[in-house]
Amino acid sequence: MWYEAKGRPERRMMPFYAHPSISMAWPFIRLNNLVLCQLVGSALLINKLQQYDGKKRGKITVHPTRKLLLDATDALFEKHHPDMITGQMILRASGVSHGSLYHHFEDASDVVETVMLDRFFDRAMKDIHNIKSVVFNAKDRPSYIEAVSAITVEVQSTKNSAKRIERVNLLAYAASRPRMLTKLAEKQQAVSADFADTMVYAQQRGWINQNLSPLSLSVFFQALTLGRVLDDISSKHTAPDDWNQIVIMCIDKILAAEPVTTVRP
8 MWYEAKGRPE RRMMPFYAHP SISMAWPFIR LNNLVLCQLV GSALLINKLQ QYDGKKRGKI
68 TVHPTRKLLL DATDALFEKH HPDMITGQMI LRASGVSHGS LYHHFEDASD VVETVMLDRF
128 FDRAMKDIHN IKSVVFNAKD RPSYIEAVSA ITVEVQSTKN SAKRIERVNL LAYAASRPRM
188 LTKLAEKQQA VSADFADTMV YAQQRGWINQ NLSPLSLSVF FQALTLGRVL DDISSKHTAP
248 DDWNQIVIMC IDKILAAEPV TTVRP
């Protein structure tokens, strides 16, 4: 935007911020614009973090027949290992015809694989949804660390042992099935990326060391939780309080806002 500078023939057109009525206030305008940009940036990130809402997932349209097949197979998981679930079992439990199954899925194993992936993805996203709530409600770093520690301890509690073992079974099951492994890779990437977004948000608040990779943090904390399965299957378990103490120390130190000195081998 330009204005005509009367009485200055050598520069007839001047930028709008050079006008006498604006030039004095220009530094404040720039400062306000900078603040506005930061607010808009934070708002966009918040919007991205809020895209997933566990309560809204049920609103996703699924064909009734497809849902019958998925729900029936999900119920079979409570009593049978995935390898033991056959197409006939799915058809009997769902009341769906053989032709309808192949209309919605490639085969019976496709139904089983889809249910396994959905169970993993829904649980993972619910955990991340809880973490997002913490991020939005935290007032400072101490309250953030305390809340994240509480959620992590809850997720890693002994009562969630079966979920961790199911996750390991999912990985083992997909390892020899290229079709399923491809789908799992996509869902795992979505989970890791969504979790990483919460780290970015906390870094912007100065609650997490900004030198650390958000994606690496995301993968590390998922691995920390999944690794508890080693204790789940052990004949002698660690004391919950001892384990929780280590977990809380990891969260507090690893997420330290102060730069961490790199230790080279």
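Be aware that the sequence shown starts at 8, since it is given in my numbering, and climbs by one per residue. Idealized CB from N, CA, C, for every residue including glycine. Owing to the predicted nature of the structure, the values given are computational and were not obtained by experimental measurement.
Per-residue burial, residue i [other beta carbons within 10 Å of its own, 16 or more giving buried]
i	result
residue 187	buried
residue 232	buried
residue 109	exposed
residue 120	buried
residue 260	exposed
residue 92	buried
residue 69	exposed
residue 99	exposed
residue 205	buried
residue 192	exposed
residue 139	buried
residue 229	buried
residue 256	exposed
residue 174	buried
residue 76	buried
residue 33	Because the pLDDT at residue 33 is just 46, under 50, the model does not fix this residue reliably, and the point stays unresolved.
For residue i, the first and last residue of its enclosing alpha helix (DSSP H)
i	result
residue 149	148 to 162
residue 204	185 to 211
residue 280	Any question about residue 280 goes unanswered here, given that the chain covers just 8 to 272.
residue 260	247 to 261
residue 165	Here residue 165 belongs to no alpha helix (DSSP H), and DSSP marks it neither H nor E.
For residue i, three-class secondary structure by DSSP
i	result
residue 216	coil
residue 31	In this predicted model, residue 31 has a pLDDT of only 49, less than 50, meaning its place in the structure is not dependable; the value taken from the coordinates is given anyway. In this structure, residue 31 counts as coil in the three-state DSSP scheme.
residue 92	coil
residue 110	helix
residue 241	coil
residue 68	coil
residue 74	helix
residue 85	coil
residue 175	helix
residue 103	coil
residue 54	Residue placement at residue 54 is flagged as unreliable, the pLDDT there being 45, under the threshold of 50; the coordinate-derived value follows with that caveat. Here residue 54 sits in helix by DSSP.
CB contact flag (residue i, residue j, <9 Å)
i	j	result
residue 101	residue 80	yes
residue 142	residue 258	no
residue 250	residue 196	no
residue 244	residue 159	no
residue 242	residue 222	no
residue 78	residue 94	no
residue 73	residue 112	yes
residue 90	residue 171	no
residue 225	residue 203	yes
residue 84	residue 122	yes
residue 214	residue 148	yes
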